[in-house]
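Trainee: Here you go, one structure.
4 protein chains.
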Amino acid sequence: MKNSIGTSVILTLAGESHGEAIIAVLDGFAPGIPVDEAFIAEQLSRRRPQGAADTARREPDDFRILSGVFNGFTTGAPVSIFIPNVNTRSIDYEATHTLARPSHADYTAHVKYDGFEDWRGGGHFSGRITAGIVAAGAIAIGALTRKGIKVGTHILECAGIADKPFAAADPEALSDQLDTIATLDFPVLSDVRDAMAARILEAKSDGDSVGGIIQTAVCGLPAGVGEPWFSSLEGEIANALFSIGGIKGVEFGSGFALAGMRGSQANDSFFNKDGQIRTATNHSGGINGGISNGMPLIFNAAVKPTPSISRPQATIDTGSGKDAVLELKGRHDPAIVRRICIVASSLVAIVLCDQLALRFGTDYLR
Amino acid sequence: MKNSIGTSVILTLAGESHGEAIIAVLDGFAPGIPVDEAFIAEQLSRRRPQGAADTARREPDDFRILSGVFNGFTTGAPVSIFIPNVNTRSIDYEATHTLARPSHADYTAHVKYDGFEDWRGGGHFSGRITAGIVAAGAIAIGALTRKGIKVGTHILECAGIADKPFAAADPEALSDQLDTIATLDFPVLSDVRDAMAARILEAKSDGDSVGGIIQTAVCGLPAGVGEPWFSSLEGEIANALFSIGGIKGVEFGSGFALAGMRGSQANDSFFNKDGQIRTATNHSGGINGGISNGMPLIFNAAVKPTPSISRPQATIDTGSGKDAVLELKGRHDPAIVRRICIVASSLVAIVLCDQLALRFGTDYLR
Amino acid sequence: MKNSIGTSVILTLAGESHGEAIIAVLDGFAPGIPVDEAFIAEQLSRRRPQGAADTARREPDDFRILSGVFNGFTTGAPVSIFIPNVNTRSIDYEATHTLARPSHADYTAHVKYDGFEDWRGGGHFSGRITAGIVAAGAIAIGALTRKGIKVGTHILECAGIADKPFAAADPEALSDQLDTIATLDFPVLSDVRDAMAARILEAKSDGDSVGGIIQTAVCGLPAGVGEPWFSSLEGEIANALFSIGGIKGVEFGSGFALAGMRGSQANDSFFNKDGQIRTATNHSGGINGGISNGMPLIFNAAVKPTPSISRPQATIDTGSGKDAVLELKGRHDPAIVRRICIVASSLVAIVLCDQLALRFGTDYLR
Amino acid sequence: MKNSIGTSVILTLAGESHGEAIIAVLDGFAPGIPVDEAFIAEQLSRRRPQGAADTARREPDDFRILSGVFNGFTTGAPVSIFIPNVNTRSIDYEATHTLARPSHADYTAHVKYDGFEDWRGGGHFSGRITAGIVAAGAIAIGALTRKGIKVGTHILECAGIADKPFAAADPEALSDQLDTIATLDFPVLSDVRDAMAARILEAKSDGDSVGGIIQTAVCGLPAGVGEPWFSSLEGEIANALFSIGGIKGVEFGSGFALAGMRGSQANDSFFNKDGQIRTATNHSGGINGGISNGMPLIFNAAVKPTPSISRPQATIDTGSGKDAVLELKGRHDPAIVRRICIVASSLVAIVLCDQLALRFGTDYLR
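Chains as they are written, first to last, in the numbering used here: chain U, 1 to 366; chain Z, 367 to 732; chain R, 733 to 1098; chain C, 1099 to 1464.
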């Protein structure tokens, strides 16, 4: 499966940044779930590049639901969403299109598709396609919310500036944190927005870019979701996150920090709180043996600095194979960390809907 | 898919630590590939716990190939491998079996399987099942080697002691490093074995355990393998690694360190070396846009400290739900970092065989 | 997988008869394959209802390729096709929409989707969606043709009138037959068109409908395609054909007639014809042990009479559960046998592309 | 997927007729289901060749459950079953092993596996492997029975002698019929056993073989199971049945007979019987739009005459490609129709468990 993800609830994407539209098809979604088109529009706007700390090029996001929704509710048939592309400039790319952008998919696509790949913008590799994830994901987020399950992502770190982390072992406090960031365009828990924006602009004026770490939390997921071995919850979530361009690392709970701990430090003791089983700490990120344990899911993803920078870079010409120098002009996304947050939440929401449907049946989300 | 992984080349596992045997079925493997049973035995012995720095309980690994191999070559039919379990002690577990081991799958399995789970040892969650991965993986490793593709894993870090890393941007040097560790039971590149062993024993005598980071490299993989979006090479590899008990983080190339870099630092410039396209650095870990670029694949996995420690731990009784104190006796794996190396290499080898078969056809590995 | 079919080459469909458009996404198709939009249009017109012997309602088929094609060739990215719906009349259905049409999906959809299903026309069950299969299938048919593989379907029988069958054991003669029917709107090999049309019109004026049998042949498929056991070529093809509404039986080669034969009659002897291995007869339909043997694939599918007839029928009201009488007005497809031929060929072509890609690699069709 | 079938409940098979054992792994089965080993043994014995009307070679079927069952109940972990092969005679095959048996998989396996296939007996294509289907299927049948769902198969026709058909439109009568054949080794509803046996023996003494038609019914399946389009219940069942060697046609309800009917004849009117929705006739075989409607599922499969006959046959030598004459000695299965009945029921039971788990969740069968 390439452009589809999922087993019972399945998302299929198609489209290119410079084609007519992006298409998202969400299949297997339970019938009778209310679809809030205003919420979809809101989520899409959160995904949009904004202001100076993102990029100047505007990408408005109209969308139309072509099927699968009738009288405001899902019908059980696949939901297909059509998101037109506007305001694209192929001219930006023509001059340099045979030069492979370092750390970008130009070269690998050229090898894989033997020169037939659509080189305009990022073609099928473009971040533009994430609009499809966000639109379909909005329906998933809505369905989960109705079951008391919340998903949200904030910027844990950007350009070296750190935000306060999610309250991993305190479901009530975490729930409030998720409510707070749900309304923010720049999702951070503490007052670090301006410091981060300053670093981003600094990099931009240097013709450079920055990266960061995003942190996602899921609150209210019942225990028992996920499978041991090859359909572990970590594996399913990681496979989804790694599909998002720019993500180069995924860790659950205390992740790589666990490597330096002792078992007595890292283990999460169980205790009974008013009849509910909880853990005193949450180094496991809510998952044991690939299965959810009822505590919040917590996981981080590393976002590399955007590869398209305007400084000159050594590279090769994919046509001749010869060494060359690339100087990109006109399109410069100094950071995608903010925008990736909502893409991550959207995709994780779809994965969770799939896991819940597999575990509890296709009507679970109604 | 739960106990199966793969699309064209598929591994299926079954068995429990205290059942009669572990079964591994490797399906879709090309015909005509020589199967070296001595090599399988060697790999299985590398997986075995050894000496004081592992655990005292011996687990010899006989195995029998039941099908799929005829006159020393794969037939194209599924290869099934039978690995008997011996030397198990259910008595070890009976006294405490209703107490959930913190950070272990006891509780989540109890919820998911409603009390019917096999609680002896780790049941189906036991590391014992990795014997199946290693046996089947030995066939995959052999096939890849014949195509000039090498896979290997060393301990990058254990209990705070660091090994020298793989030469990520130097394929020739990396190839030598892989040859070196292939022969080592304790796979490290520099002289850190004794320091690591000391830390492990320290923890053991404290009734505690330690974790670490393993690093895997793949050399010689052609460019163009993997798919954009939902079958990215990172996603496929990460999904596999996260299925191994104990792994809580996966990063590619410079991984989480990319978060603090600028694009000008992180980008891997392309250049032409005697007709071969290479990158000057390898922060991408050999993968761009989900597709291999011909440079070595490099990725790290975080291994948490083994949860079964003998110190007293607060927990709950899964039967009554009440708070309790757990004191494990008699079975104490202070570290699995060494043993996980070969499990990781084996599983990654199978994933690569699958990706190569999908890309180039089922006869590619012949 | 529900609205997707395939493993390496995957077709995903979405849309309803009364929604804005049908969407087809063809994923995993090799890059560099020429896409002939005139041919797609031609195939779509063959699918269209025609004249009195079909139905009066006109369904013109414009379409737009939204992605995956650049400068007239596939790029390797998913091809998405947008086919607008026009000329629909919801009014036709409103009066009777709670009455379940016998032998139609109204009742089962109501149970499965709990009243939320889109009852207009056939909703997602409508034959209209086959336009997506035919458009995507046209690309597959073109790719196969370039590799010397031909697919075609004729009406073997309709309303009791029989056509001459395909020359199953004579690849050269069969190839000519396939060329002949490729140009026909009413695909029959002998002069039976008028007799069939007469029967269809008879049924129509009786307020009734008729069924038939379609026969598909594939010429030029190499031996060795398909897998033993659960991915047999018969299984893959049958799964695809049974997805088409109206099909209730599939048989390969001599199919059900084999039940009454002896082995000495039914066995296909092998012989060597100028270095090529052939069989003297083709009762097996070109498949042994689930794998193609190089002889033409031959298979038949039974098409039931269209359920929407205008005679009064006893049924129940899905809302109240009470007995009722249904009298449909205004929409009357007396036979879909002709139109199903091209849908079958299109879908089989996609399945074959998938099987060839799995066997020989993703670049095989280039 | 090749040697695995299913999405939530998955069967994986491995083994060859002349290898040490057949392995069946049943994954995803709900925990807490009682496993009756005596019933498994009984089902395996029904599958065994018997007496003169089958074949002389005895194949006793011991088996051992290696995992997934604890204290007599499924644990939720995969159930693996080990069925040793005994009493095989490779010598029977050596003399003729390069000659391709007509209508058998010898030639296609040779092409696909390039000479590396295991030619002993049928290798991986052997009917022997169906022992794995029957053992795993016994667990599925037991689980379905506990939910009030019955599955059974009888011989509808053999060597031209017809049995009385299942009462397709009368669930109560059908339930009795299923109870009756469940206890029979030679599953027929009327007194035709001796006539059929006579025809079989006649063919055998002519050095020949016969075929037949089997008919399967499922009683008690709730409405709403199966999916429109590509996971239709017909498609899933047909894909499974076509995986069984010898099956060359599958039809649902009135199947191919529908081709000659009018809609007014073929349509199944709905009516309300004491609050339960039924159909007056059952030409649809219990399935509309790919989804079960609550009436019994009824379907037939065509079984070709066994290809291994002792009469001389023209063929080719797979090594040289030259024409040759094959005269098989010593192994002669004149009919597999009887034995295929239980294989079909077993496999269908597994498919239904998968469909029910997907629809209603993994705990449905508990």
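In this text, a Cβ means the ideal position worked out from N, Cα and C, and glycines have one as well. Keep in mind the model is a prediction, meaning the values are calculated, not measured.
Given a cut-off of 8 Å on the beta-carbon distance, is the pair Z/VAL736 and Z/ILE603 in contact?
Mentor: No information on residue 736 of chain Z is available, as it lies outside the stretch 367 to 732 that chain Z covers here.
Trainee: Closer than 8 Å, CB to CB, is C/THR1206 near chain Z or not?
Mentor: No - not a single Cβ of chain Z is within 8 Å of the one on C/THR1206.
Trainee: Determine contact between the stretch 918-929 of chain R and the stretch 950-961 of chain R, defined as no fewer than three beta-carbon pairs at a distance below 8 Å.
Mentor: No: fewer than three Cβ pairs fall under 8 Å.
Trainee: Whole beta strand (DSSP E) runs in the stretch 650-685 of chain Z with 3 or more residues, listed along the chain?
Mentor: Taking only runs of at least 3 residues, the beta strand (DSSP E) segments lying wholly in the stretch 650-685 of chain Z are 663-669 and 679-682.
Trainee: Give the C-beta separation of C/VAL1232 and C/ARG1145 to the nearest angstrom, bearing in mind that I take them to be a contact with Cβ-Cβ under 8 Å.
Mentor: Yes, C/VAL1232 and C/ARG1145 are in contact; Cβ-Cβ is about 5 Å, under 8 Å.
Trainee: Using the Cβ count rule (16 or more neighbours within 10 Å means buried), how would you classify Z/GLU617?
Mentor: So Z/GLU617 ends up on the buried side.
Trainee: Buried or exposed: where does U/SER205 fall if 16 or more other Cβ atoms within 10 Å of its Cβ makes it buried?
Mentor: Per the 10 Å Cβ criterion, exposed.
Trainee: Can you pull the chain U residues whose beta carbon is under 7 Å from the beta carbon of R/ASP846, in chain order?
Mentor: Correct list: PRO31 and GLY32.
Trainee: What number of angstroms, rounded off, separates the C-alpha of U/ARG359 from the C-alpha of U/ALA136?
Mentor: Spanning the two alpha carbons is a distance of roughly 21 Å.
Trainee: What residues of chain Z sit near C/LYS1100, judged by a beta carbon separation below 7 Å?
Mentor: Per Cβ cutoff of 7 Å: ASP393 and GLY394.
Trainee: Using alpha carbons as the reference points, say which of U/ALA109, U/PRO84, U/GLN43 and U/ASN71 lies closest to R/THR807.
Mentor: The option with the nearest alpha carbon to R/THR807 is U/ALA109.
Trainee: If you pair each beta-carbon of the stretch 646-658 of chain Z with each one of the stretch 626-634 of chain Z, do three or more pairs fall below 8 Å?
Mentor: In short, these stretches touch, since the Cβ pair count reaches three.
Trainee: With 16 as the cutoff for other CB atoms within 10 Å, does R/ARG790 come out buried or exposed?
Mentor: Legend: pLDDT at R/ARG790 = 48, less than 50; position of this residue unreliable, value from coordinates given subsequently. The residue is exposed, with fewer than 16 neighbouring Cβ atoms inside 10 Å.
Trainee: Identify every residue that forms a DSSP beta bridge with R/ASN1004.
Mentor: Bridge partners of R/ASN1004: R/ILE1009.
Trainee: Residues in its own chain within less than 6 Å of U/PRO31 by CB, not counting five upstream and five downstream?
Mentor: Excluding residues within five positions, the ones whose Cβ falls inside 6 Å are THR74, THR75 and GLY76.
Trainee: Do you know how far the Cα of Z/GLY619 is from the Cα of Z/PHE665?
Mentor: The straight-line gap from Cα to Cα measures roughly 6 Å.
Trainee: Starting from C/SER1178, find everything on chain Z with Cβ-Cβ shorter than 7 Å and list it in chain order.
Mentor: ALA380, GLY381 and ILE389, listed in chain order.
Trainee: Using the C-alpha atoms, what's the distance from U/ASP36 back to U/GLY72?
Mentor: When rounded, the distance between both Cα atoms is 7 Å.
Trainee: How many whole angstroms separate the CB atoms of C/LYS1346 and R/LEU990, which I take to be in contact at a CB cut-off of 8 Å?
Mentor: Rounded, the Cβ-Cβ distance is 5 Å, consistent with contact.
Trainee: May I ask you to list, following chain order, the residues of the stretch 702-726 of chain Z that have a beta carbon less than 7 Å from some beta carbon of chain R?
Mentor: Those would be LEU724, ARG725 and PHE726, in chain order.
Trainee: Which of the three DSSP states is assigned to U/LEU365 in this structure?
Mentor: In this structure, U/LEU365 counts as coil in the three-state DSSP scheme.
Trainee: Nearest chain U C-beta to Z/GLY385 closer than 8 Å, yes or no?
Mentor: No, no contact with chain U.
Trainee: Under 7 Å: does the beta carbon of R/GLY1021 sit that close to some heavy atom of the ligand NAD?
Mentor: Here there are no bound small molecules, and the ligand NAD is not part of this structure.
Trainee: Assess, as a yes-or-no matter, whether the stretch 1111-1127 of chain C is touched by the stretch 381-395 of chain Z under the definition of 3 or more beta carbon pairs within less than 8 Å.
Mentor: Flag = yes, the stretch 381-395 of chain Z and the stretch 1111-1127 of chain C touch.
Trainee: Say whether chain R places a C-beta atom closer than 8 Å to the C-beta of C/LYS1302.
Mentor: For C/LYS1302, the answer is no, since every Cβ of chain R falls outside 8 Å of its Cβ.
Trainee: Using the DSSP secondary-structure output, state which residues sit across from R/ILE1145 in a beta bridge.
Mentor: This structure cannot settle anything about residue 1145 of chain R, because the visible part of chain R is limited to 733 through 1098.
Trainee: Verify the CB distance criterion: does Z/GLU600 have a CB-CB separation below 8 Å to chain C?
Mentor: Z/GLU600 does not count as touching chain C.
Trainee: Going by DSSP, what residues sit across from U/LEU11 in a beta bridge?
Mentor: Answer is U/ILE5 and U/LEU26, bridged to U/LEU11.
Trainee: Which residues in the same chain as C/ASP1452 place their Cβ atom closer than 7 Å to its Cβ, once the five residues preceding and following it in sequence are excluded?
Mentor: Excluding sequence neighbours, C/ASP1452 sits near GLY1104, THR1105, SER1106 and VAL1107.
Trainee: Would you say C/SER1549 faces chain U, with C-beta separation under 8 Å as the test?
Mentor: One cannot answer for residue 1549 of chain C here, as it falls past the ends of chain C, which runs 1099 to 1464.
Trainee: What number of angstroms, rounded off, separates the C-alpha of C/GLY1392 from the C-alpha of C/ARG1376?
Mentor: When rounded, the distance between both Cα atoms is 7 Å.
Trainee: Assuming Z/CYS707 contacts Z/THR546 under a Cβ cut-off of 8 Å, what Cβ separation, rounded to an integer in Å, is found between them?
Mentor: Z/CYS707 to Z/THR546, Cβ: 13 Å. No contact.
Trainee: Assuming contact is defined by CB atoms lying nearer than 8 Å, are Z/SER575 and Z/ALA471 in contact in what I supplied?
Mentor: No, these two residues do not count as a Cβ contact at 8 Å.
Trainee: Please tell me whether C/THR1460 has its Cβ less than 8 Å away from any Cβ of chain U.
Mentor: At least one chain U Cβ lies under 8 Å of C/THR1460.
Trainee: Note down, in chain order, every chain Z residue with its Cβ under 7 Å from the Cβ of C/GLY1174.
Mentor: In chain order: LYS478, TYR479, PHE482 and GLU483.
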